[in-house]
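Right, one structure below, let's go through it.
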Amino acid sequence: MEKHDERFKVANREALIGVGLALINFLWWFGFAYGLGSKPPEEYSYIFGLPAWFFMSCVGGFILMSVLVIFVVNVYFTDVPLEAKDEDTE
Numbered sequence: 019m020e021k022h023d024e025r026f027k028v029a030n031r032e033a034l035i036g037v038g039l040a041l042i043n044f045l046w047w048f049g050f051a052y053g054l055g056s057k058p059p060e061e062y063s064y065i066f067g068l069p070a071w072f073f074m075s076c077v078g079g080f081i082l083m084s085v086l087v088i089f090v091v092n093v094y095f096t097d098v099p100l101e102a103k104d105e106d107t108e
């Protein structure tokens with residue numbers, strides 16, 4: 019009978035977390051870019067000389083995702099040995 023390697027469980031969980039972060043990033047970008055950016059240019063408000071939709075979707079999104087990734091890696095990701103376990107030592 020084949021034994022299940024625990025490293026795959028950890029890798030799958032971390033991959034799903036990565037997909038979740040990518041979805042958050044896309045939804046943040048899409049919401050601000052098309053939500054605030056759908057107005058006529060005459061009605062735009064500006065942050066640091068950039069249209070608010072661009073600043074929030076690109077600059078704000080980058081800052082948010084950087085903080086989220088650092089947090090998730092430090093809290094939820096675990097260090098896993100890459101070497102295969104010896105069958106004889108178990």
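The sequence shown begins at 19 in our numbering and counts up one residue at a time. C-beta atoms are modelled at their ideal positions from N, C-alpha and C, and glycine is treated no differently. Quick caveat: nothing in here was measured; it's all calculated off a predicted structure.
Query, Result
"In terms of residue numbering, what span does the alpha helix (DSSP H) encompassing residue 41 cover?", "24-53"
"Rounded to a whole number of angstroms, what is the C-alpha to C-alpha distance between residue 68 and residue 23?", "50 Å"
"Would you call residue 79 buried or exposed, if buried means 16 or more other Cβ atoms sit within 10 Å of its Cβ?", "buried"
"Using CA atoms only, rank isn't needed, just tell me which of 35, 60 and 30 is closest to residue 92.", "35"
"Please report how far the alpha carbon of residue 63 lies from the alpha carbon of residue 41, in whole angstroms.", "27 Å"
"Can you tell me whether DSSP reads residue 68 as helix, strand or coil?", "strand"
"Measure the Cβ-Cβ separation of residue 82 and residue 46 and say whether it is below 8 Å.", "yes"
"Tell me where the alpha helix (DSSP H) around residue 79 begins and ends.", "79-93"
"How many Å lie between residue 37 and residue 97 at the Cα?", "19 Å"
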